[in-house]
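Participant:
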Amino acid sequence: MKFNYTNIILFSLSLNILLLSSRVYNKRNHKSIILHTSNENPIKTHRSLCECELYSPTNYDSDPEMKRVMQQFHDRTTQRFHEYDERMKTTRQECKEQCDKEIQKIILKDRLEKELMDKFATLHTDIQSDAIPTCVCEKSLADKTEKECLSVVYK
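According to mature numbering (1 follows the signal peptide of the UniProt record, and there is no 0), the stretch in the sequence shown is residues -22 to -1, 1 to 133, in order.
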């Protein structure tokens, strides 16, 4: 892609004009809102732990607001730890049940394997050839007749 420097300059110039015109419009039509507050109800600023001197224990011990903030923090963290503990208890229980099931499967498999090995060991493996029954098929009269007819036809 080929960019012309004149196109870039024209685009930036038009953008600047647009921005300046919007600023002028905002200055003319902007109505400032002034908030009047009485001295009776001063606006309370909120402090966090990091705004105080970190290594000054007097800030934590003597200030009731800081004590309240610290107590809230402690309560929330203990609550979160208890919730985490409860979730972990259920997770551990599920994992334990799953593990027990797998152990029972392994034990059952080993037991069946041992029983099968014992049964195979008791089988007689010394089979002799005369112990196998043999079948001598005698041909029927129809088979013999058919064979004779076929041999006559082919001769």
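Here a beta-carbon is modelled for each residue, glycine too, at the ideal position from N, C-alpha and C.
Bear in mind the structure is a predicted one, so any value in this text is a computation, not a measurement.
1. Taking the beta carbon of I11 as the centre, do at least 16 other beta carbons fall within 10 Å, making it buried, or is it exposed?
2. Where does the unbroken alpha helix (DSSP H) through L86 begin, and where does it stop?
3. Between the alpha carbons of F51 and L(-13), how many angstroms are there, rounded?
4. Taking the alpha helix (DSSP H) that S118 belongs to, which residues open and close that run?
5. Once DSSP output is grouped into helix, strand and coil, what is the label at N(-19)?
6. Would you tell me roughly how many angstroms separate the C-alpha atoms of Q106 and E80, rounded to the nearest one?
7. Taking the C-alpha atoms as reference points, what is the distance between M44 and D53?
Facilitator: Inspection of the coordinates gives the following:
1. Per-residue confidence for I11 stands at a pLDDT of 49, beneath the threshold of 50, marking its modelled position as unreliable; the derived number appears in the next sentence. Answer is exposed; the Cβ neighbour count stays below 16.
2. Looking at the DSSP string, the run of the alpha helix (DSSP H) that includes L86 is 42 to 100.
3. If you take the alpha carbons of F51 and L(-13), they lie about 58 Å apart.
4. In the DSSP annotation of this structure, S118 is not part of any alpha helix (DSSP H), being labelled neither H nor E.
5. In the structure shown, N(-19) sits in coil (DSSP, three-state: anything other than H, G, I, E or B).
6. Roughly 45 Å separates the two Cα atoms.
7. Between M44 and D53, the alpha-carbon positions lie close to 14 Å from each other.
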